[in-house]
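Written out below as structure tokens is the structure these notes cover.
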Amino acid sequence: MLRTITKTLVGAVFAGGLLVPHAFAETTLNALFMAQAAYSEADVRAMTDAFTKANPDVKVNLEFVPYEGLHDKTVLAQGSGGGYDVVLFDVIWPAEYATNKVLVDVSSKITDDMKKGVLPGAWTTVQYDGKYYGMPWILDTKYLFYNKDILEKAGIKTPPKTWEELGAQAKIIQDKGLLKTPIAWSWSQAEAAICDYTTLVSAYGGDFLKDGKPDFQNGGGLSALKYMVDSYKSGLTNPNSKEFLEEDVRKVFENGDAAFALNWTYMYNMANDPKDSKVAGKVGVVPAPGVTGISEVSAVNGSMGLGVTAVSKHPDEAWKYIEYMTSQATQNQYAKLSLPIWASSYDDPTVTKGQEELIAAAKLGLAAMYPRPTTPKYQELSTALQQAIQESLLGQSSPEDALKTAAQNSGL
Amino acid sequence: MSSTWMTTRAWLLMLPLLVVMVAVIGWPLVDTVGLSFTDAKLVGTGGSYVGFDNYTNMLSSSNFSRTLVTTTLFAVVSVAAEMVIGVLAALLLNQQFHGRAILRALMILPWALPTVVNATLWRLIYNPEYGALNAALTQLNLIDAYRSWLGEPATALTALIVADCWKNFPLVALIALAALQAVPRDITAASLVDGAGPFNRFRFVILPYLAGPLMVALVLRTIEAFKVFDIIWVMTRGGPANSTRTLSILVYQEAFSFQRAGSGASLALIVTLLVTVLAVAYAALVRKTAGSAA
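Chains as they are written, first to last, in the numbering used here: chain A, 1 to 412; chain B, 1001 to 1294.
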């Protein structure tokens, strides 16, 4: 009898011993990513699987939304008091997310090794007011892609170094009857249009804000929009650009219907994949051009970071997951659609092999990355600018008037 | 049974539903009214009282008036087209022919699709580079080059209305079809004997039976169309140059993108008020139609 009781007790202790750590360790993280550009959904899933294999006590639920829904989904989940532990955020949101306490300050978790190893430009993605609100993850800018085949047929030896030259080369291609409209952009009423515009603002040496007030309606900001309108009206730009997002630009380019296209890193290896692309092997990439006397190259900071939300109940596990996703080993392994944030990766053969051209463009482009304005009212500013760009393209308003109106409606 | 008991019992039976409605509709509505008088942000602190500022700012903004016009245009044209196409489809499907059952089932398909799927589908059809519409129209020699249907303000709203009609006419058709089956055969037969032509048969014999049910469809569709959001958000996000931005999109931008919950709430209430006025006007109309039909 006593033995039975002892056995039962011992059994219970063992069972309990097995159960207790199990019950405590099972943590579920909810993470929000985007389903376009940069790392593919398959890449993110594979990275996450590797993380959960190394950390069997953590489970990660992944959710993917289009970029256009990423901001609102994050804020809405926060507003309803729950949802995500880890969110992907664009370089333009930390100001707003910090002000409204969407993300937690992780400054204390950024180690010296991280600070030394990560490219200095990447940190601007996650910083606001001197504090860190996450880890940079996608280091990206818009490059000028060109179709080598078409340029060769047109007798063009080198891709354009200036925006003016881009127009001239496009004209040659058009005149020779190689393509009706050689340039493709993403000018839909969306953030994509602002990224193309910002690239041009950086080329023309413009400013979005001066002393916190709009300044894009003057100088370089105005020249940038005028360039867009001229290129559109001259017929060198594909007129459908005004309803294109990045994915539309990619399809047009991969179909051989564009000689030049402005797009993110991810297009390089996708357009070079013969499974989906008709232009595989003919894809050239250079930094976006500059403007004579003002800039050598131009670039928009289109980087994105991973942060821990203020409503997360598992901030430590969430940070562990972010550390894994942004680690040099993980990023080097998946360097085809998005390039690493780590400086030494750019000389690592596992990263550079087979994409030397992209790496060469990245070294120049990433160093020239120009930020979109850092303000908690960014969404309003962006919406006003999107309207200005579209009204100018459609000829409803002159670039001067459209930008002046945008300045008034920017909320700043 | 006394009439007091009847009344009490009726209220008792409705009580569970009333409680649920107050909880999920009444309370948020009251909360929204409160919010609309503050400058509250979507996240963070509650905001302070600003009186009617949100309302006056919103009503006087050019965004609001322009958006109201766009919304009204969308609602009027799409609902009118849905009513006409729906009734015509119902008349057709009320005839005896082989394969009618299959056709009736197929017709419900667009309506059964989620709006987002429908919108994505139409975006592909309208695609300026490889869309089916461009291919069809160029092959028929109706246009000489591919066009950007959703990228031009002149065609974007029309393109959206077509997509919305395709999705929603089956609802009208279903309601009309049900009503058509209630038309007594002897009356249509008698009118045929009396020598009434097809139009007169429809106008004087069939339409009186349809009027009541169609009124219900009209009310439902108008209110829905006035609140339209998803199909437009997926297809154009209000573009190009805000030419397809409707009131609901404006509410969404104000409250969620710009995170001005207070001002967004005031706009949402303005929209609710407009829809209520429409609903009341229609309700009166329904009562009148029902009265004259009897």
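For each residue, glycine too, the CB sits at the ideal point set by N, CA and C.
Item	Value
Taking C-alpha atoms, which residue in Tyr346/A, Thr99/A, Lys101/A, Tyr128/A lies nearest to Leu364/A?	Tyr346/A
Taking only three categories from DSSP, how would you classify Gly395/A?	coil
On the CB-based measure, 16 or more other CB atoms within 10 Å of its CB, does Thr265/A come out buried or exposed?	buried
Tell me the DSSP secondary structure of Pro1198/B in three-state form.	helix
Please compile the residues from chain A whose C-beta is within a distance smaller than 9 Å of the C-beta of Arg1066/B.	Residues of chain A passing the Cβ test: none, with the nearest at roughly 11 Å.
Give me the Cα-Cα distance between Val20/A and Thr52/A, rounded to the nearest whole angstrom.	In this prediction, Val20/A has a pLDDT of 43, which is less than 50 and means its spatial position is unreliable; nothing more can be read from the coordinates.
Taking the runs of the alpha helix (DSSP H) that are 4 residues or longer, which of them lie wholly in the stretch 1154–1225 of chain B?	1185–1193
Check whether chain B comes within 8 Å of Gln331/A, counting only Cβ atoms and requiring the distance to be less than that.	no
Counting beta carbon pairs with one atom in the stretch 149–165 of chain A and one in the stretch 237–244 of chain A, are three or more of them shorter than 8 Å?	no
Is the beta carbon of Thr1276/B less than 8 Å from the beta carbon of Met1215/B?	no
If we count Cβ pairs, one from each stretch, closer than 8 Å, do we get three or more for the stretch 1190–1198 of chain B versus the stretch 1068–1084 of chain B?	no
What is the DSSP secondary structure of Pro376/A, counted as helix, strand or coil?	coil
Assuming contact is defined by CB atoms lying nearer than 8 Å, are Ser298/A and Gly290/A in contact in what I supplied?	yes
Do you know offhand how far Gly1046/B's Cα is from Gln379/A's?	21 Å
Please go through the same chain and pick out, in chain order, the residues whose beta-carbon is closer than 7 Å to the beta-carbon of Ser312/A, but skip the five residues on each side of it.	Asp85, Ala318
Could you check where the alpha helix (DSSP H) with Trp137/A kicks off and where it finishes?	No alpha helix (DSSP H) holds Trp137/A; the beta strand (DSSP E) holding it covers 135–138.
Please confirm whether Lys404/A has its beta-carbon closer than 8 Å to some beta-carbon of chain B.	no
In this structure, does DSSP put Met369/A in helix, strand or coil?	coil
Using a beta-carbon distance below 8 Å, is Asn147/A in contact with chain B?	no
Within the continuous beta strand (DSSP E) that includes Leu88/A, where are the two ends?	86–90
Determine the extent of the alpha helix (DSSP H) in which Val65/A is found, giving its start and end residues.	Segment 58–65 is the beta strand (DSSP E) holding Val65/A; no alpha helix (DSSP H) there.
By the criterion of Cβ-Cβ separation under 7 Å, what are the contact partners of Asn240/A in chain B?	Pro1128, Glu1129, Ser1148, Gly1151
Compute the Euclidean distance between the alpha carbons of Leu262/A and Asn147/A, then round it to the nearest angstrom.	12 Å
Measuring straight from C-alpha to C-alpha, what distance separates Tyr197/A and Pro1170/B?	44 Å
DSSP three-state label for Tyr324/A, please.	helix
Which bits of chain A does His1043/B rub up against, with CB to CB less than 8 Å?	Note that residue 1043/B corresponds to Val in the displayed sequence, not to His. Here the neighbours are Val75, Gln78, Gly79, Asn100, Lys101, Val102.
Going along the chain, which residues of the stretch 1219–1240 of chain B sit with their C-beta nearer than 7 Å to a C-beta in chain A?	Arg1237, Gly1238, Gly1239, Pro1240
What did DSSP end up calling Tyr204/A once you bin it into helix, strand or coil?	coil
Assuming Tyr133/A and Gly307/A are in contact, meaning their beta carbons sit under 8 Å apart, how far apart are those beta carbons, in whole angstroms?	5 Å
Here's a check: name, in chain order, each residue in its chain whose Cβ is nearer than 7 Å to the Cβ of Lys109/A, leaving out the five neighbours to either side.	Trp319
Quick check: what's the CA-CA separation for Leu1150/B versus Ala1159/B?	7 Å
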